[in-house]
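*Asks:* Residue numbers (the working numbering), protein chains in the order written: chain A, 149 to 397; chain B, 3 to 185. Think of the CB as a built atom: it goes at the ideal place given N, C-alpha and C, for glycine as much as any other residue. The structure displayed is predicted, hence computed values, not measured ones. I'd like to ask some things about the structure below.
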């Protein structure tokens with residue numbers, strides 16, 4: 149019944165007519181027809197029937213079923229425990245596992261089951277969201293939110309690529325070790341990066357201590373020179389950099 | 003090197019760049035100790051804010067005084083005669099500054115641009131000023147030298163919040179206690 153696939157559920161009495169709907173959906177999958185409109189309509193009017201089709205014992209499988217399920221995740225979450233929902237969907241649709249893990253991490257960043265899914269599918273928490281906001285005014289705010297959630301690797305990656313907002317977010321959230329790692333990588337690649345100014349804006353009185361802790365991580369003369377050039381407000385760090393300068397190549 | 007006796011600290015703002023434009027350093031007081039904390043250009047890009055804050059601190063660190071009161075007066079006079087364009091795009095209207103000088107068992111304080119000022123003890127913190135305290139809450143660099151508050155005390159620590167940052171005291175005061183673990 150093509151009209152079911154278009155989301156027209158008139159005349160159906162659910163859950164009694166679920167077998168009719170299942171048959172129509174299975175036929176559609178065999179013919180590579182999308183289920184998105186059907187799932188959306190069910191999400192609005194018959195969420196129990198939707199649950200049956202998506203995660204029930206005889207759940208529909210296949211790429212198109214997975215794509216449609218991804219469209220109605222929020223509706224499914226409202227009725228099913230996400231801790232059970234996401235892993236079940238990942239088991240039903242292994243090809244959509246990574247996408248499901250990303251969504252789970254994005255929606256439930258603190259949940260251990262979501263983190264476990266993320267590890268299983270090698271998802272870097274926060275990376276996709278930060279990537280999407282790279283050119284947005286919300287990027288800096290997002291960096292701070294992800295720093296609070298402990299998404300260090302994604303922030304280190306952005307910071308080491310020159311996004312100093314990510315570096316500052318790590319410092320403000322007191323992830324100093326990650327911040328130093330990111331700053332050292334950044335200075336190796338871009339010696340003129342304004343690391344000190346962003347350390348100052350984010351660490352305040354701790355800034356000089358951070359610079360001093362960063363110095364042993366520096367590997368290039370250009371980085372030491374560039375940092376020295378910017379360290380005039382921090383006499384202890386300046387002295388250390390001057391001492392180090394002749395020793396680095 | 004003179005040991006700094008009474009100290010002062012400026013709390014960060016509740017923004018994404020909590021210490022943007024902040025500065026802190028000792029001042030040159032021959033028979034005592036003095037320190038300044040402040041913030042200027044906090045809405046600027048961190049690079050511009052650091053450059054401005056460093057410039058103001060460098061200027062203040064050239065100031066000398068025979069006693070606490072003359073040192074504090076000289077600090078203000080030095081700032082007042084600076085060309086306002088050297089004080090950033092806001093021409094010093096966004097300056098917050100707290101000067102603390104200790105000499106002969108007396109502590110002298112002077113400030114502008116503060117929402118709150120506390121004296122910190124091991125028992126807690128006593129609020130000395132709030133946004134209604136004219137002597138400390140003037141927005142930015144004033145036209146005339148601000149007043150000085152003198153206390154009969156030694157080895158006191160002071161904690162401040164800039165104008166616009168509210169009056170919330172940090173839950174843990176240990177880093178700001180006299181002989182605590184100042185940064």
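#1: Residues of chain A with CB closer than 9 Å to the CB of residue 36 of chain B, please, in chain order.
#2: Touching or not, the region 136-149 of chain B and the region 104-123 of chain B, by the rule of three or more beta carbon pairs under 8 Å?
#3: Is it right to say residue 229 of chain A is buried, meaning 16 or more other beta carbons lie within 10 angstroms of its own, or is it exposed?
#4: So with CB distances below 8 Å, who are the chain A contacts of residue 20 of chain B?
#5: For residue 176 of chain A, count neighbouring C-beta atoms within 10 Å of its own C-beta (all shown protein chains included) and say buried if the count is 16 or more, exposed if not.
#6: Using a C-beta to C-beta distance shorter than 8 Å, which residues of chain A count as neighbours of residue 59 of chain B?
#7: Of the residues A:196, A:329, A:205 and A:212, which one's Cα is nearest the Cα of residue 185 of chain A?
#8: Kindly give me the distance between the Cβ atoms of residue 302 of chain A and residue 274 of chain A, rounded to whole angstroms, as I take these residues to be in contact under 8 Å.
#9: Give the DSSP bridge partners of residue 27 of chain B, in chain order.
#10: Quick check on DSSP: helix, strand or coil for residue 65 of chain B?
#11: Roughly how far, in whole angstroms, is the beta-carbon of residue 295 of chain A from the beta-carbon of residue 321 of chain A, given that I think they are within contact range, below 8 Å?
#12: Quick one: what's got a C-beta closer than 7 Å to residue 438 of chain A's C-beta in the same chain, skipping five residues either side?
#13: Along chain A, in chain order, which residues have C-beta atoms closer than 8 Å to that of residue 80 of chain B?
#14: Using only alpha-carbon positions, find the residue among A:310, A:365 and A:307 that is nearest to residue 332 of chain A.
#15: So is residue 288 of chain A in contact with chain B if we call contact Cβ pairs under 7 Å?
#16: Could you work out which residues of chain B lie near residue 316 of chain A, taking near to mean beta carbons separated by less than 8 Å?
#17: I need the DSSP call for residue 125 of chain B, collapsed to helix, strand or coil.
#18: Could you pull out every residue in the same chain whose Cβ sits closer than 8 Å to the Cβ of residue 376 of chain A, ignoring the five residues on either side in sequence?
#19: How many angstroms separate the CA atom of residue 325 of chain A from the CA atom of residue 116 of chain B?
#20: For the alpha helix (DSSP H) that residue 74 of chain B lies in, which residues bound it at each end?
#21: In whole angstroms, give me the CA-to-CA distance for residue 154 of chain A and residue 181 of chain A.
#22: Can a CB atom of chain B be found closer than 7 Å to the CB of residue 261 of chain A?
#23: Could you give the first and the last residue of the continuous alpha helix (DSSP H) run that contains residue 225 of chain A?
#24: Compare the C-beta of residue 166 of chain B against all C-beta atoms of chain A and say whether one is closer than 7 Å.
#25: Under the three-state reduction of DSSP, which class applies to residue 153 of chain B: helix, strand or coil?
#26: Taking the alpha-carbon positions, what's the residue 247 of chain A to residue 222 of chain A distance?
#27: For residue 26 of chain B, go through chain A and note every residue whose CB falls closer than 7 Å to its CB, in chain order.
#28: Between which residues of its own chain and residue 44 of chain B is the CB-CB distance below 6 Å, once the five residues before and five after are set aside?
#29: Using a threshold of 7 Å, state whether the C-beta atoms of residue 10 of chain B and residue 98 of chain B are closer than that.
#30: Anything in chain A within Cβ reach of residue 56 of chain B, meaning under 7 Å, just list it in chain order.
#31: Find the nearest neighbour of residue 106 of chain B within the set B:155, B:26, B:40 and B:48, judged by alpha-carbon distance.
#32: Compute the beta-carbon to beta-carbon distance between residue 59 of chain B and residue 77 of chain B, rounded to the nearest angstrom, for a pair I have assumed lies under 8 Å.
#33: Would you identify the three-state DSSP class for residue 101 of chain B, choosing helix, strand or coil?
#34: Which residues does DSSP pair with residue 108 of chain B in a beta bridge?
#35: Quick check on this structure: which residue in A:183, A:235, A:239 and A:217 has the alpha carbon closest to the alpha carbon of residue 264 of chain A?
#36: Which residues mark the beginning and the end of the alpha helix (DSSP H) in which residue 269 of chain A is found?
*Replies:* According to the structure data:
#1: Residues of chain A whose Cβ lies closer than 9 Å to the Cβ of residue 36 of chain B do not exist, since the nearest Cβ in that chain is about 17 Å away.
#2: A contact is defined here as three or more CB-CB pairs under 8 Å, and the region 136-149 of chain B meets this definition with respect to the region 104-123 of chain B.
#3: That one is exposed.
#4: Going along chain A in sequence order, the residues near residue 20 of chain B (Cβ under 8 Å) are 320, 349, 350 and 352.
#5: A residue is called buried once 16 or more other Cβ atoms fall within 10 Å of its Cβ, and residue 176 of chain A is buried on that count.
#6: What residue 59 of chain B touches in chain A: 381.
#7: Looking from the CA of residue 185 of chain A, the closest CA among A:196, A:329, A:205 and A:212 belongs to A:212.
#8: With a beta-carbon spacing of about 4 Å, residue 302 of chain A and residue 274 of chain A fall inside the 8 Å limit used to define contacts.
#9: For residue 27 of chain B, which the question treats as bridged, DSSP gives the partners B:38.
#10: Note: residue 65 of chain B maps to coil in three-state DSSP.
#11: Contact holds; Cβ gap of about 4 Å.
#12: Past the boundaries of the shown model lies residue 438 of chain A; chain A is included only from 149 to 397, so the question cannot be answered.
#13: Residue 80 of chain B does not reach chain A, its nearest Cβ partner there being about 18 Å away, counting only Cβ pairs nearer than 8 Å.
#14: Looking at the Cα atoms, A:365 is the closest of the given residues.
#15: Closer than 7 Å to the CB of residue 288 of chain A there is at least one CB belonging to chain B.
#16: In chain order: 18, 19 and 48.
#17: Here residue 125 of chain B sits in coil by DSSP.
#18: In chain order, 386, 389, 390 and 393 place their CB closer than 8 Å to the CB of residue 376 of chain A, counting only its own chain and leaving out the 5 sequence neighbours on each side.
#19: Each residue's Cα considered, the two are about 33 Å apart.
#20: It spans 70-83 - the alpha helix (DSSP H) in which residue 74 of chain B sits, taken as one unbroken run.
#21: Cα to Cα, residue 154 of chain A sits roughly 10 Å from residue 181 of chain A.
#22: Residue 261 of chain A does not count as touching chain B.
#23: Start and end: 221-227.
#24: Interface annotation, residue 166 of chain B: not in contact with chain A, CB-CB separation never under 7 Å.
#25: Strand at residue 153 of chain B.
#26: When rounded, the distance between both Cα atoms is 14 Å.
#27: The contacting residues are 353.
#28: The residues are 22 and 23.
#29: Against a cut-off of 7 Å, the Cβ pair of residue 98 of chain B and residue 10 of chain B comes out as no contact.
#30: Going along chain A in sequence order, the residues near residue 56 of chain B (Cβ under 7 Å) are 380 and 381.
#31: Shortest Cα-Cα distance from residue 106 of chain B to any of B:155, B:26, B:40 and B:48 involves B:155.
#32: In this structure residue 59 of chain B does not touch residue 77 of chain B by the C-beta definition: roughly 11 Å separates them, more than the 8 Å allowed.
#33: The answer is strand: DSSP assigns residue 101 of chain B an E or B state.
#34: Beta-bridge analysis with DSSP links residue 108 of chain B to B:105.
#35: It is A:235.
#36: From DSSP, residue 269 of chain A is part of no alpha helix (DSSP H); its letter is neither H nor E.
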